[in-house]
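According to the numbering used here, the stretch in the sequence shown is residues 1 to 765, in order.
Single-structure report; data block below.
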Amino acid sequence: MSMVGDVWFGFSWVLNQLPKLNPTKRVPNITAIRDKYESSTSGESKLPGIDVFVTTVDPVDEPILYTVNSILSILATDYPVEKYACYLSDDGGTLVHYEAMFEVANFAKLWVPFCRKHCIEPRAPENYFGVKRQPYMGSMQEEFMSDHRRVRREYEEFKVRIDSLFNTIYQRSETYNRKNTKDGVKATWIADGTQWPGTWIEQAENHRKGQHAGIVKVILNHPSRKPQLGPPASIDNPFDFSNVDMRLPMLVYLSREKRPGYNHQKKAGAMNAMLRVSALLSNAPFLINFDCDHYINNSQAFRAAMCFMLDPRDGQNTAFVQFPQRFDDVDPTDRYANHNRVFFDGTMLSLNGLQGPSYLGTGTMFRRAALYGMEPPRWRADTIKVISKAKEFGESTLFINSMIDGANQERSITPIFLEESVNNELSTLMTCAYEDGTPWGRDVGWVYNIATEDVVTGFRMHRQGWRSIYCSIEPAAFRGTAPINLTERLLQVLRWSGGSLEMFFSHSNAFLAGPRMQHLQRIAYLNMSTYPIVTIFILAYNLFPVMWLISEQFYIQRPFGPYILYLIIIIAMIHVIGMFEVKWASITLLDWCRNEQFYMIGATGVYPTAVLYMALKLITGKGIHFRLTSKQTEACSNDKFADLYVVRWVPLLIPTIAVLVVNVAAVGVAIGKAAIWGLFTEQAQHAMLGMVFNVWILVLLYPFALGIMGQWGKKPAILFILQLTSISTVAIMYVTFRTIYPSDWSEIATSLGKAELVSGSSGRK
């Protein structure tokens with residue numbers, strides 16, 4: 001196993017290194033795109049339209065305050081207001097999300113002009129007001145303090161209304177249900193006195209999660225093309241918005257239909273429904289998607305992405321622009337490598353020199369034509385023809401007719417009148433049966449039936465010959481939240497690694513990609529889809545020290561000296577290359593160390609579990625169920641990082657705990673052997689050198705050990721005391737046992753066997 005493991009280690013290392021031969025950094029020139037597409041005199045903009053997609057499911061696991069801040073940051077971003085629209089997909093169909101959007105629309109009438117007037121950054125109010133010191137970037141500093149104070153007060157009141165929505169809706173529904181007792185059901189009621197068509201508080205037939213009608217509600221209509229300046233300050237209005245454009249972009253709430261017996265395909269299915277609905281309402285040629293816990297941190301982010309999409313050199317062949325993911329509220333030491341800078345700033349930067357980075361699920365701007373499965377211009381023989389085969393995209397004539405316009409990258413957004421025929425088409429596009437017998441979920445839209453639908457969707461585009469761009473700007477374009485709880489973090493990584501293996505054993509295998517995919521890009525995808533396999537051997541290596549506990553033999557390569565020298569040279573070369581990556585990726589040494597530590601944590605528990613799940617799926621044919629990563633903390637809200645010290649015991653923790661125990665015991669046995677044989681004997685030197693491996697494993701698993709200690713993890717000194725005590729106890733027990741039984745373990749076993757043989761013989765006599 002050791003020999004096979006070493007071969008696989010070398011193979012996986014080569015797969016990891018080959019795509020890093022040409023790291024390329026591209027910087028957007030926002031000034032250039034302003035000069036080319038926007039007029040400073042007339043104020044007219046020729047920038048294309050953008051549809052912004054936000055997805056959410058549960059207002060508890062994904063706190064609604066995150067969602068409303070994400071929407072507010074989008075509504076206030078610095079992009080021509082008539083050129084983009086915002087869509088919220090509520091896959092749970094809850095009334096609280098719908099009514100929260102009305103609260104957002106009302107508060108945005110104050111928040112958006114305030115951001116425009118004073119050049120506020122970031123434009124998510126929770127994050128803006130949470131920063132103690134923020135440099136002022138506007139030109140009206142004398143009015144800023146008073147405006148800031150009033151807006152903050154309004155925001156606090158807004159949060160109170162958002163927090164009370166659950167109770168408000170419940171009390172309203174109880175009141176209406178007492179008046180309407182004929183039906184005998186307890187419905188959930190909208191403020192206008194009608195029953196909510198989505199999921200009810202007390203779920204009933206056709207009004208429960210997984211079974212409700214499709215809903216499309218336009219919260220804010222498409223704005224006019226001409227700026228609308230606000231009123232000057234007055235007694236009733238303390239804000240002077242006389243030189244500020246008051247328009248708000250289009251805002252749409254939607255929840256697709258759900259019926260029993262259908263596989264709704266989670267986030268990918270919701271995104272495809274949004275893709276079709278937006279084609280009728282705004283049909284922008286570009287779109288960008290966010291998870292509900294992400295917000296726009298840099299209001300120039302949309303323009304930054306457009307620099308690459310509209311690049312006259314090769315922009316028309318760019319399918320998507322991927323921004324790195326950045327996170328708030330991560331503990332200062334980043335115990336579980338949530339920032340993941342080695343991947344976002346290292347691996348993605350290296351792929352930027354090939355065909356482009358993979359799609360990472362959020363913070364990504366797409367070309368609508370690429371999502372429709374169309375080929376890039378470099379591989380098309382002629383221009384896009386009118387699509388006549390309705391069965392390839394469904395039975396909606398309006399949707400099919402919109403596809404040509406949606407592929408035009410110069411297209412803006414044109415208002416649409418919601419006539420009865422359009423409403424009927426919108427309802428049709430969101431039905432469960434619309435995709436039956438079509439390539440949706442495979443060749444069109446986001447890909448289905450794989451946990452990592454994001455990576456596979458990007459793979460399909462690269463396979464068609466499209467390219468992608470990695471774009472990193474300062475300040476970071478977008479920021480979000482990450483789970484700082486150990487169990488939640490491991491479950492998140494389990495979903496990613498399981499999805500990677502699903503990708504390898506599917507039609508999206510890198511070996512099956514056609515000739516349009518570059519060779520090194522193919523190798524990169526192969527590495528992404530096979531990396532969990534190597535951890536089977538890593539786990540075995542970490543458990544090999546068990547042999548130290550039951551045998552006196554040394555399982556060390558001979559001759560010993562040259563072997564150690566060879567090992568040191570190889571390890572040193574790997575780490576030197578790692579330092580080069582740290583240099584060109586501009587990450588810190590702490591980021592690199594945390595990445596090494598969390599990789600070992602994953603390799604001892606999460607990744608082997610993913611391999612086991614995949615093996616069971618191949619044998620039984622049943623898919624893998626991965627639950628949604630919870631963003632809601634169960635800990636006391638007074639401590640910002642309280643969830644870091646909450647222990648949620650799951651079987652996933654057991655393998656890593658076993659590795660910890662084995663290596664602590666191995667260190668104790670090694671010290672015991674050295675004490676018995678003498679420190680300067682050859683056997684003792686071998687034992688102490690073997691102990692170096694065990695200590696290194698303990699160092700790598702240090703964050704995990706702190707995590708399972710719960711509240712005691714706040715004091716790392718306690719962990720060191722526990723480890724030293726455990727090691728000392730094992731060493732003393734070993735020395736004591738060897739003093740009582742000086743024979744070798746093998747001799748004891750042999751003698752016991754002989755004794756049993758003799759007693760058995762005498763019994764037969």
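Using N, Cα and C, we set each Cβ at its ideal position, and we do this for glycine too.
Predicted model, so just to flag it, every value in this text is computed and none were measured.
8 Å Cβ cutoff met for Pro357 and Gly465: no
Rounded straight-line distance, which links the Cα of Phe720 to that of Ile619: 44 Å
Residue nearest to Ile533 in terms of C-alpha spacing, selected from Leu501, Arg516 and Pro515: Considering only alpha carbons, the answer is Leu501.
Sheet register partners of Arg479 (DSSP bridge): Looking at the DSSP output, Arg479 sits in a beta bridge with Tyr295 and Arg326.
Between the CA atoms of Cys86 and Arg123 - distance to the nearest angstrom: If I take the Cα positions, the gap works out to 15 Å.
Those residues which DSSP pairs with Met250 across a bridge: Ala85
Strand pairing of Glu38, partner residues [DSSP]: Ser45
Pro48 burial status per 10 Å Cβ neighbour count (16 or more: buried): A residue is called buried when at least 16 other Cβ atoms come within 10 angstroms of its Cβ; Pro48 meets this threshold and is buried.
Reference Ile33, options Gln300, Arg172 and Val160, closest by Cα: Among Gln300, Arg172 and Val160, the Cα nearest to that of Ile33 is on Gln300.
Host alpha helix (DSSP H) of Phe308 (start-end): Ala301 to Met309
Complete runs of the alpha helix (DSSP H) confined to the stretch 629 to 699 [at least 4 residues]: For the stretch 629 to 699, whole alpha helix (DSSP H) runs of length 4 or above, ordered along the chain, are 654 to 677.
Buried/exposed call for Pro80, threshold 16 Cβ in 10 Å: buried
Unbroken alpha helix (DSSP H) run spanning Tyr170, endpoints: Leu165 to Lys179
Beta-carbon proximity list for Ser726, same chain, < 6 Å, skipping 5 on both sides: Val664
Three-way DSSP call (helix, strand, coil) for Trp466 in this model: coil
Boundaries (first-last residue) of the alpha helix (DSSP H) holding Thr199: It is not in any alpha helix (DSSP H) - Thr199 carries neither H nor E in the DSSP assignment.
Arg489 vs Asn338 beta-carbon contact at 8 Å: yes
Spatial distance of Val667 from Leu590 (CA atoms): 26 Å
Segments assigned beta strand (DSSP E), at least 3 residues, entirely inside the stretch 337 to 387: 364 to 367
Endpoints, alpha helix (DSSP H) assigned at Asp314: Looking at the DSSP string, Asp314 is not in any alpha helix (DSSP H), and its letter there is neither H nor E.
Whole-angstrom distance between Gln265 and Val444, CA atom to CA atom: 14 Å
Leu565: CB within 7 Å of a non-hydrogen atom of the ligand COA: This structure lacks the ligand COA; in fact it carries no ligand of any kind.
Within the stretch 426 to 458, ranges of the alpha helix (DSSP H) (whole runs, at least 4 residues): none
DSSP-derived helix/strand/coil call for Ile52: The sequence given here places Val at residue 52; Ile does not occur at that position. The answer is strand: DSSP assigns Val52 an E or B state.
Member of Ala476, Gly230 and Phe459 whose CA lies at the smallest distance from the CA of Lys109: Gly230
Reduced DSSP secondary structure (H/G/I, E/B, other) of Ile120: Reduced to three states, the DSSP call for Ile120 is coil.
Rounded straight-line distance, which links the Cα of Thr77 to that of Asn298: Rounded to the nearest whole angstrom, the CA to CA distance from Asn298 to Thr77 is 8 Å.
Anticipated Cβ contact below 8 Å, Thr481 with Phe327, distance rounded: 6 Å
Buried versus exposed, by CB contacts within 10 Å (16 or more), Thr771: Since the first and last residues shown for the chain are 1 and 765, residue 771 lies out of range.
Which residues DSSP lists as bridging Gln211, in chain order: Arg208
Whether His294 touches Ser70 by CB criterion (8 Å): yes
Span separating the alpha-carbon of Ala191 from that of Tyr253: In this structure, the CA atom of Ala191 is about 16 Å from the CA atom of Tyr253.
Neighbour-count burial assignment, Gln141, 16 or more Cβ in a 10 Å radius: Exposed: under 16 other Cβ atoms inside 10 Å.
Delimiting residues of the alpha helix (DSSP H) encompassing Ser73: Counting along the chain, the alpha helix (DSSP H) containing Ser73 begins and ends at Ile64 to Leu75.
Euclidean distance between Cα positions of Met1 and Phe537: 8 Å
Own chain residues within Cβ distance below 7 Å of Gly514, not counting five before or after: Arg463
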